[in-house]
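Residue numbering for the sequence shown follows my numbering, beginning at 1 and increasing consecutively.
For every residue, glycine included, the Cβ atom is placed at its ideal position computed from N, Cα and C.
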Amino acid sequence: MNPFDEAYHDLLKKIMDEGKYKDDRTGTGTYSIFGHQMRFNMDDGFPLLTTKKVLFKMLATELIWFIRGGTNIRFLLQYNNNIWNEWAFKNWVESDEYNGPDMTDFGNRAQKDAGFKVVYQEEMESFKTRVLEDDAFAEKYGNLGNVYGRQWRAWEGPDSSFTDQLKDVVESIRSNPDSRRHIVTAWNPAEIETMALPPCHAFFQFYVNDGMLSLQLYQRSGDVFLGVPFNIASYALLLHLVARECGLRPHEFIHTLGDAHIYSNHVDAVETQLQRESFGAPGIRIHGDRSMFELDYEDLEVVDYESHPYIKAPIAV
């Protein structure tokens, strides 16, 4: 087992063995533990898990969206990235303007009712098409509020001034590498109610030592089967990008989780994954010499990625 998959499998096993059942806001129910840390050394490769296929294009385009300060799913849909669709769709079907079929509790109903699933999928495809083709509709219903990209690049303070946290932290690493304030936070209490989903990966900090850059993330809430594999690779990629921007070598990604949970309807999928052995870890290449703030997805390449097949599981909204 490569060290990245091993650390992740250890977390899955711990939750399966020790997790306590808890109700949650989605009504699905979870098995949960509180407080867990994983460490990933970039000398061992790039932590894209191999015991199930993790879609690098999805996490990389999402990260680029964050870096650009994006909050509208139109950018993601242009890359056929659907990972934020459900939250935008929820805003649409709960609006006064929506007059289509009843979409109440669409996530759970689509799992249990095959007939409803067809109707839901048709409505979702129609919604995505409108976001891509109708500027006014996209502006109103493709926007997720003041989510990650807004907080990273345009944090609004109490005096209505804006802070570009990501650019500031890059400059701080360059100018004062020994500082203990290389921090970006997405958790803005004054704006939580303006976000489609409050930040789960809420706070990260960089650390410089001997020409190497490390990154620690605090994630208040982690959907360990669906979300955490994306979070691991996304923040490892961010570490590579910032290290390159600052002329440093990427070293360690430390992932600290608060409420780490497996949804009750993901248990069978977890058991399937735990039966698999890993492949060797892949590598990552960043092409060209453009700043991280100007990179496109096409500038990124995963090298020698071999994995087991993707395992489908429903998302809880």
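Per-residue DSSP class, three states only, for residue i
| i | result |
| --- | --- |
| S98 | The sequence given here places Tyr at residue 98; Ser does not occur at that position. Y98: coil per DSSP, three-state reduction. |
| D210 | coil |
| T61 | helix |
| Y8 | helix |
| R181 | coil |
| N91 | helix |
| M195 | strand |
| R276 | coil |
| H308 | coil |
| P314 | coil |
| L215 | strand |
| A202 | strand |
| F66 | helix |
| F46 | coil |
| D268 | helix |
Opposing strand residues paired with residue i [DSSP bridges]
| i | result |
| --- | --- |
| T129 | According to DSSP, which records beta bridges pairwise, T129 is partnered with nothing at all. |
| T30 | K22, Y263 |
| Q37 | T256 |
| R290 | Per DSSP, none; premise fails for R290. |
| G222 | A260 |
| N72 | N143 |
| I284 | V302 |
| P250 | L213 |
| F162 | E156 |
Option nearest residue i by Cα separation, candidates the options
| i | options | result |
| --- | --- | --- |
| W84 | D296, V303, F230 | F230 |
| G35 | G19, G100, G45 | G19 |
| R74 | L144, P177, K167 | L144 |
| P101 | E122, A138, A114 | E122 |
| I15 | V270, E193, N81 | V270 |
| E6 | K22, F137, E139, D44 | D44 |
| L217 | H182, L248, E245 | H182 |
| R39 | F66, D10, D24 | D10 |
| I67 | Y305, D304, L241, A313 | L241 |
Counted within 10 angstroms of its Cβ, other Cβ atoms place residue i as buried (16 or more) or exposed
| i | result |
| --- | --- |
| G149 | buried |
| Y228 | The residue asked about is misnamed: residue 228 is Val in this sequence, not Tyr. Classification of V228: buried, given that the 10 Å Cβ count is 16 or more. |
| I262 | buried |
| K52 | buried |
| T129 | exposed |
| N99 | exposed |
| Y21 | exposed |
| L12 | buried |
| D17 | exposed |
| E62 | buried |
| D259 | buried |
| A114 | exposed |
| R153 | buried |
| L59 | buried |
Cβ-heavy atom distance, residue i to the ligand COA, below 7 Å
| i | result |
| --- | --- |
| A136 | Only the bare structure without any ligand can be found here, which leaves the ligand COA out of the picture. |
Contact between the stretch 208-215 and the stretch 252-259: three or more CB pairs below 8 Å? Segment contact: the stretch 208-215 against the stretch 252-259, three or more CB-CB distances shorter than 8 Å; contact assigned.
Using 8 Å as the Cβ pair cut-off and three pairs as the minimum, do the stretch 236-248 and the stretch 274-294 touch? The stretch 236-248, when compared against the stretch 274-294, does touch it at the 8 Å Cβ threshold.
Is the stretch 170-180 touching the stretch 188-195, taking contact as three or more C-beta pairs under 8 Å? The stretch 170-180 is not in contact with the stretch 188-195.
Taking 8 Å as the threshold, find out whether the stretch 25-34 comes into contact with the stretch 63-71 through three or more Cβ pairs. The stretch 25-34 vs the stretch 63-71: no contact.
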